[in-house]
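Asks: Below is one structure. I have some questions about it.
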Amino acid sequence: MRLAKMHVTPIALGDPPLLNAAGLHAPYALRTVVELVTEDGISGLAEVPGSLSVDALLNEARSVVLGADPLNWHALKARLETYFQPESSAARGDAPWDQRKVVQVFSALDVACLDIAGKAFGVPVATLLGGVVREKVPYSAYLFYKYEGAGGVLEFGTDPNAKGWDAARQRPALDADGIVDQARAMVAEFGFRSLKLKGGVFEPEIEVQSLRALRSAFGPEVPIRYDPNALWTVETAIRYGKELEDVLEYFEDPVRGQQAMAEVRRSVKLPFATNMCTTSFADLPGSVLSHSEDIILTDHHYWGGLHSSMELAAFCRSFARGISMHSNNHAGISMAAMTHLGAAMPNLSYALDTHYPWQWEEIIIGGRLPIEDGCVSLPKGPGLGVELDRPALARAHESYLRCGLAERDDQVEMRKKVPEWTFKATRW
Ligand SMILES: [Mg+2]
Numbered sequence: 023m024r025l026a027k028m029h030v031t032p033i034a035l036g037d038p039p040l041l042n043a044a045g046l047h048a049p050y051a052l053r054t055v056v057e058l059v060t061e062d063g064i065s066g067l068a069e070v071p072g073s074l075s076v077d078a079l080l081n082e083a084r085s086v087v088l089g090a091d092p093l094n095w096h097a098l099k100a101r102l103e104t105y106f107q108p109e110s111s112a113a114r115g116d117a118p119w120d121q122r123k124v125v126q127v128f129s130a131l132d133v134a135c136l137d138i139a140g141k142a143f144g145v146p147v148a149t150l151l152g153g154v155v156r157e158k159v160p161y162s163a164y165l166f167y168k169y170e171g172a173g174g175v176l177e178f179g180t181d182p183n184a185k186g187w188d189a190a191r192q193r194p195a196l197d198a199d200g201i202v203d204q205a206r207a208m209v210a211e212f213g214f215r216s217l218k219l220k221g222g223v224f225e226p227e228i229e230v231q232s233l234r235a236l237r238s239a240f241g242p243e244v245p246i247r248y249d250p251n252a253l254w255t256v257e258t259a260i261r262y263g264k265e266l267e268d269v270l271e272y273f274e275d276p277v278r279g280q281q282a283m284a285e286v287r288r289s290v291k292l293p294f295a296t297n298m299c300t301t302s303f304a305d306l307p308g309s310v311l312s313h314s315e316d317i318i319l320t321d322h323h324y325w326g327g328l329h330s331s332m333e334l335a336a337f338c339r340s341f342a343r344g345i346s347m348h349s350n351n352h353a354g355i356s357m358a359a360m361t362h363l364g365a366a367m368p369n370l371s372y373a374l375d376t377h378y379p380w381q382w383e384e385i386i387i388g389g390r391l392p393i394e395d396g397c398v399s400l401p402k403g404p405g406l407g408v409e410l411d412r413p414a415l416a417r418a419h420e421s422y423l424r425c426g427l428a429e430r431d432d433q434v435e436m437r438k439k440v441p442e443w444t445f446k447a448t449r450w
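Heads up, the sequence shown is in the numbering used here, so the first residue is 23 and it goes up one at a time.
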């Protein structure tokens, strides 16, 4: 089997004005859809966080990809490793989301080849990753402080006819009451059984109030996780971490770097999770030596694909780390890939993160994958089990061309609201 075509399509999906440590989400979230097609017409899909530079690397990779055997990922990966310069861990950068680019190329190609292999063999991708451990994969409710608005074509307004979660998705949430209201609407719509608050937006005291309000509203049976995106000092993290010992399921990246994480972890009786200090295989020896975290949040877009994420899961089992999943904004191809990974990881120990409820557009046939009782069921059918809705993809590509965004930059967006706002790697 040989790869004959590779299509790279940047798209933009409407995204509400969500606040985070790096600023504000733009009205559109960028993604890039990759489609590989074999000589005999089998098509494989993948989706990665989009940017002009990632798209350029994907297009550059075409010369390596065409002619390769999609059933031999080791061989294609070796060719890619020869072609591309390796990225250092430092290339991740200080923002909440990972700045590395080459790793996304590996991820896209790995996922698309697995989709092809699944279709060729008539089995789900999860089967190719070792087998289906669970048919229903649990996700958590991802809560954000936000300004009013829906993003996308409704950038400057809201849909007055919206109801339920659609209406709540557009409302502002700038304090504890707003976050509880958002959580109630999201849980009512999707049945999530755990909550996550994206922090690093307001002073610690204010965010801790929101966490306590969530705890009061939902009770101890609903686990809560919290992520200030490494904006705190060690002293702040220890002080507020101790206050949150009876509130949190886990404490995600309160501080920056493995040594600081290890220092806080020694003083606070909570499990610690990361998608910031241990984000690549090169970081794993440091994780073992410092014990910087208890839970590693994989993200197949940044760990180099689904095979690599399974390697990470094996590491986590060997070194008694929990494993869960980080998420950026994404559409249904990524949701399917994340769900196959979650279905195939024997040691999945926590519900996965997803931004999926924040989007309303979709590029796969049949529309949005349902989230029921907080879970996404493994898509039926071979491979990823999803197919491109080509008219919808064309519309999302039109949105990309129209919105004029070349990469994610939450600081630029934030300055439209707060002109003097500046990102700080450590703020409190
Ligand atoms: Mg995080």
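For every residue, glycine included, the Cβ atom is placed at its ideal position computed from N, Cα and C.
#1: Where the beta carbon is closer than 7 Å to any heavy atom of ligand 1, which residues qualify, in chain order?
#2: Specify the secondary structure class of ASN251 as computed by DSSP and reduced to three states.
#3: By alpha-carbon positions, which one of ILE355, HIS352, MET347 ends up nearest to GLY364?
#4: Rounded to whole angstroms, what is the Cα-Cα separation between THR60 and SER85?
#5: Excluding the five sequence neighbours on either side, which residues of its own chain have a C-beta within less than 7 Å of the C-beta of ASP120, listed in chain order?
#6: Once DSSP output is grouped into helix, strand and coil, what is the label at VAL451?
#7: What residues match up with MET436 in a beta bridge as DSSP calls it?
#8: For the segment 163–177 against the segment 362–381, do three or more pairs of beta-carbon atoms, one drawn from each stretch, fall closer than 8 Å, so that the two count as touching?
#9: Excluding the 5 residues flanking GLU459 on each side, which residues of the same chain have their C-beta closer than 8 Å to its C-beta?
#10: Please return the same chain residues whose Cβ sits closer than 6 Å to the Cβ of CYS425, not counting the five positions on each side in sequence.
#11: With ASN42 and VAL223 assumed to form a contact (beta carbons below 8 Å), what rounded beta-carbon distance in angstroms separates them?
#12: Roughly how many angstroms separate the alpha carbons of VAL256 and GLU225, rounded to a whole number?
#13: Would you mind working out which of ARG288, SER289, ASP321, VAL290 sits nearest THR296, comparing C-alpha positions?
#14: Can you look up PHE294 in the DSSP assignment and give me helix, strand or coil?
#15: Using DSSP with H/G/I as helix, E/B as strand and the rest coil, what is HIS348?
#16: Rank ARG449, MET332, HIS313 by C-alpha distance to the C-alpha of VAL147 and give the top, closest one.
#17: Candidates PRO32, LEU219, ARG24: which alpha carbon is nearest ARG417's?
#18: Can you tell me whether DSSP reads ILE317 as helix, strand or coil?
#19: Quick test of the definition: if touching needs 3 or more C-beta pairs under 8 Å, does the segment 265–284 touch the segment 230–242?
#20: Could you tell me the alpha carbon to alpha carbon distance between ALA282 and ALA142, rounded to whole angstroms?
#21: For a test of the three-state rule: what should DSSP assign to PRO379, helix, strand or coil?
#22: For SER449 and VAL159, what's the separation of their Cα atoms in angstroms?
#23: Over the uninterrupted beta strand (DSSP E) stretch that includes THR54, give me the two end residues.
#24: For GLU274, does the count of other Cβ atoms within 10 angstroms reach 16, so buried, or fall short, so exposed?
#25: With burial defined as no fewer than 16 other Cβ atoms inside 10 Å of the residue's Cβ, what is the status of ILE387: buried or exposed?
#26: Closest by CA to HIS329, which one among ARG101, CYS135, ILE64?
Replies: With the structure as the only source:
#1: Those residues that have a beta carbon less than 7 Å away from any non-hydrogen atom of ligand 1 are, in order along the chain, PRO118, ASP249, ASN251, GLU274, ASP275, ASN297, MET298, LEU319, HIS348.
#2: As a working mapping, residue 251 is identified with position 229 in the sequence shown. Three-state DSSP puts ASN251 in coil, outside helix and strand.
#3: On the sequence shown, residue 364 is found 342 positions in, with the first residue counted as 1. For the set ILE355, HIS352, MET347, the Cα lying nearest the Cα of GLY364 is the one of MET347.
#4: Residue 60 sits at position 38 when you count from the first residue of the sequence shown. Residue 85 sits at position 63 when you count from the first residue of the sequence shown. THR60 and SER85: Cα-Cα distance of roughly 15 Å.
#5: Start at 1 with the first residue of the sequence shown, and residue 120 comes out as number 98. For ASP120, where only same-chain residues beyond five positions count, the Cβ hits under 7 Å are ARG114, THR301, TYR324.
#6: In the structure as shown, the chain begins at 23 and stops at 450. Residue 451 is therefore absent and cannot be evaluated.
#7: Here residue 436 refers to the residue found at position 414 of the sequence shown. Paired residues: none, contrary to the question.
#8: The segment 362–381 and the segment 163–177 touch, with three or more beta-carbon pairs separated by less than 8 Å.
#9: Past the boundaries of the shown model lies residue 459; the chain is included only from 23 to 450, so the question cannot be answered.
#10: Indexing the sequence shown from 1 puts residue 425 at position 403. ALA34, TYR50, listed in sequence order.
#11: Residue mapping note: residue 42 aligns to position 20 of the sequence shown, counting from 1. Residue mapping note: residue 223 aligns to position 201 of the sequence shown, counting from 1. In this structure, ASN42 and VAL223 form a Cβ contact; the two beta carbons are roughly 6 Å apart against a cut-off of 8 Å.
#12: Position 234 of the sequence shown, counting from 1, holds the residue named residue 256. Position 203 of the sequence shown, counting from 1, holds the residue named residue 225. Straight-line Cα distance between these residues: approximately 15 Å.
#13: In the sequence shown, residue 296 corresponds to position 274, counting from 1. Closest option to THR296, Cα to Cα, is ASP321.
#14: By 1-based counting over the sequence shown, the position of residue 294 is 272. Residue state, collapsed to three classes: strand.
#15: For the purposes of this step, residue 348 is taken as residue 326 along the sequence shown, with counting starting at 1. Under the three-state reduction of DSSP output, HIS348 falls in the coil class, being neither helix nor strand.
#16: In the sequence shown, residue 147 corresponds to position 125, counting from 1. The shortest Cα separation from VAL147 among ARG449, MET332, HIS313 belongs to MET332.
#17: Here residue 417 refers to the residue found at position 395 when the sequence shown is read from its first residue. Comparing alpha-carbon positions, the option among PRO32, LEU219, ARG24 lying closest to ARG417 turns out to be PRO32.
#18: By one-based count along the sequence shown, residue 317 stands at place 295. DSSP, reduced to helix, strand and coil, places ILE317 within a strand of the structure shown.
#19: Contact holds: three or more Cβ-Cβ distances are below 8 Å.
#20: Locating residue 282 in the sequence shown gives position 260, where the first residue counts as 1. Locating residue 142 in the sequence shown gives position 120, where the first residue counts as 1. ALA282 and ALA142: Cα-Cα distance of roughly 47 Å.
#21: Working through the sequence shown from its first residue, we reach residue 379 at position 357. Three-state DSSP puts PRO379 in a helix.
#22: The count along the sequence shown starts at 1 and reaches residue 449 at position 427. The count along the sequence shown starts at 1 and reaches residue 159 at position 137. Per the sequence presented here, residue 449 reads as Arg, with Ser not at that position. The C-alpha of ARG449 lies about 35 Å from the C-alpha of VAL159.
#23: As a first step, residue 54 must be located in the sequence shown, where it is residue number 32. Unbroken beta strand (DSSP E) run through THR54: 50–60.
#24: Here residue 274 corresponds to residue number 252 of the sequence shown, with the count starting at 1. Counting the other CB atoms within 10 Å of its CB gives GLU274 a total of 16 or more, which places it among the buried residues.
#25: For the purposes of this step, residue 387 is identified with residue 365 of the sequence shown, where counting begins at 1. In this structure ILE387 is exposed. Its beta-carbon is surrounded by fewer than 16 other beta-carbon atoms within 10 angstroms.
#26: The residue you call residue 329 lines up with position 307 of the sequence shown. If we check each option's Cα against that of HIS329, CYS135 comes out closest.
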